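One structure below.
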Amino acid sequence: MNESRTADAGALVEFYRRMVLIRKFELTADQMYKRAKIGGYCHLNLGEEASVVGLMDALRPTDYLFTNYRDHGYALMRGMDTGKVMAELFGKTTGVSKGRGGSMHMFDTSTRMLGGYGIVGGQIPPATGAALALTYRGAPGPDAEAVMCQMGDGTTNIGAFHESLNLAAVWSLPIVYVVINNRLGMGTTVEKAAGEPELYKRGASYRIPGVRADGDDVLAVRQAVTDALDQARTQRRPALLELMSYRLRGHSVVDPARYRSAADVETAQEADPVPALRAQLIADGTLTEKQADAIETEMEEQVAAAVAFADAGPDPTPDQLFDYAYATPVPNAPTALPGERMVVLP
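According to the working numbering, the residues represented by the sequence shown are 24 to 369, in order.
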């Protein structure tokens, strides 16, 4: 992380604080899942904290974010309350999506995070459509809005990826597609699944510039995405950004990752961005060991408070099953629980 030596010390400490929050949150989410506090699927950002923090620091409050199902860290860094994010994982009505979304569907219009998508690549067409909508809302310029669409490496093999990039190029859309390349599309290496494993080059077919950056360096990530967003705002020029960032755990909480070799796991652990940044800040004299420990303790307490908030929240009741199914009333909307007679509206 040589690049970070030229950064403001206060900014680096804040980046470290954010990365530690994600780390503590995700480790706790892992524990809560294993205690059956969290149901369904649960995918963690462990090992990808530098990428998440760098991306979200470059994104403005007026920009729009679409992500895949590995979305907890993005929700936190986008400004969602830690307790409400944990409550969403717990399926509580106090969650950011009132317990309807769970781990994979974080959504909050106030922070302009529009998902959390459980379907692989499901976020790409809507994100591209949002970028198209922005072209009708205002002229390009340094203050224009933009869209960020995050995905995993395996997503670049589906049709919606190529169709969307083609439209973004044809229509000159203000969007940055971000691929988090953790080198494993679920359990298959990129080299075995992609004819062109250097994924940032895939935009070349559509004349979309591509950049590969070190996803373990928060400042390298921030700079790369800032440059891409600037082009999207001022030139309405889409971009494809590939961030190389190891995944420290399996694809989801229940995945033991037996497909990974011991050497691969060791390499990933050596590249872990959280202890690496801590060690650098201490070596540079920016933090002392005691100050770094205090940050970790502070973030542990924040996450513990989030768990307490989630535990205290009410569960949805059966009579609320169909609430929020539609934004406005529609004819023949479902209203009956299993075994009950459905009421047909006029």
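Just so it is clear, CB atoms sit at the ideal spot from N, CA and C, and this is done for glycine as well.
This structure is a prediction, so every number in the text was calculated from the model and none was measured.
Taking a 10 Å sphere around the C-beta of Y97, we find 16 or more other C-beta atoms and assign the residue as buried.
DSSP places V353 in the coil class of the three-state scheme, outside both helix and strand.
Residues D176, T179, N180 of the same chain have their beta carbon placed closer than 8 Å to that of A217, with the five preceding and five following residues left out of the count.
Counting along the chain, G233 sits inside the beta strand (DSSP E) bounded by residues 233-237. Rounded to whole angstroms, the Cβ separation of P165 and R256 is 6 Å, and the two are in contact under 8 Å. In the DSSP assignment, Q314 falls within the alpha helix (DSSP H) that extends over 312-335.
Contact between I61 and S120 fails: their C-beta atoms lie close to 14 Å from each other, not under 8 Å. Between D334 and D94, the alpha-carbon positions lie close to 21 Å from each other. The C-alpha of L155 is placed about 8 Å away from the C-alpha of W194. Sequence-distant partners of V213 (beyond 5 residues in either direction) whose C-beta falls short of 6 Å from its own C-beta, in its chain, are D176, R206, P220. D104 sits in coil when the DSSP states are folded into three classes, being neither helix nor strand. With respect to the 8 Å criterion, P163 and S187 are not classified as neighbours on the basis of their beta carbons. In the same chain as F345, and ignoring 5 residues on each side of it, the C-beta atoms closer than 8 Å to its own belong to A356, P357, T358, in chain order. Take M100, set aside five residues on each side of it, and the residues of its chain with a beta-carbon closer than 7 Å to its own are R41, V75, V76, M79, in chain order.
Buried is the label assigned to D239, since at least 16 other Cβ atoms lie within 10 Å of its Cβ. For I198, there is no enclosing alpha helix (DSSP H); the residue is part of the beta strand (DSSP E) that begins and ends at 198-204.
Across the set D104, P232, E321, G144, the C-alpha of G144 shows the shortest separation from the C-alpha of M174.
Classified as exposed, E363 has fewer than 16 neighbouring CB atoms from the shown chains inside 10 Å of its CB. Two segments are said to touch when three or more pairs of C-beta atoms, one from each, lie closer than 8 Å; by this definition the segment 107-115 touches the segment 313-333.
Ranked by Cα distance from L264, the first of R281, A236, S275 is A236.
Inter-segment contact for the segment 266-285 and the segment 62-70 is present: three or more beta-carbon pairs are separated by less than 8 Å. Rounded to whole angstroms, R123 and R58 show a C-alpha spacing of 20 Å.
In the DSSP assignment, E186 is bridged to no other residue. Boundaries of the beta strand (DSSP E) around F89: 87-90. Taking a 10 Å sphere around the C-beta of D338, we find fewer than 16 other C-beta atoms and assign the residue as exposed. In this model, P279 and L196 are separated by some 40 Å (Cα to Cα). Here the alpha carbon of Q343 sits roughly 36 Å from the alpha carbon of F184. In the DSSP annotation of this structure, A302 is not part of any beta strand (DSSP E); the continuous alpha helix (DSSP H) holding it starts and ends at 296-306. Membership of E265 in any alpha helix (DSSP H) is not indicated; the residue belongs instead to the beta strand (DSSP E) covering 262-267.
Within the DSSP bridge table, the entry for T358 names no partner. With respect to A32, R245 sits apart: the two C-beta atoms are not nearer than 8 Å. Excluding its 5 nearest sequence neighbours in each direction, M322 has C-beta neighbours in its own chain below 6 Å: V43, L44, K47, listed in chain order. Listed in chain order, the non-local C-beta contacts of Y200 below 6 Å within the same chain comprise C172, L263, local neighbours out to five positions each way being set aside. With respect to T311, I318 sits apart: the two C-beta atoms are not nearer than 8 Å. When the beta-carbon positions are compared, V202 and D86 stay at least 8 Å from each other.
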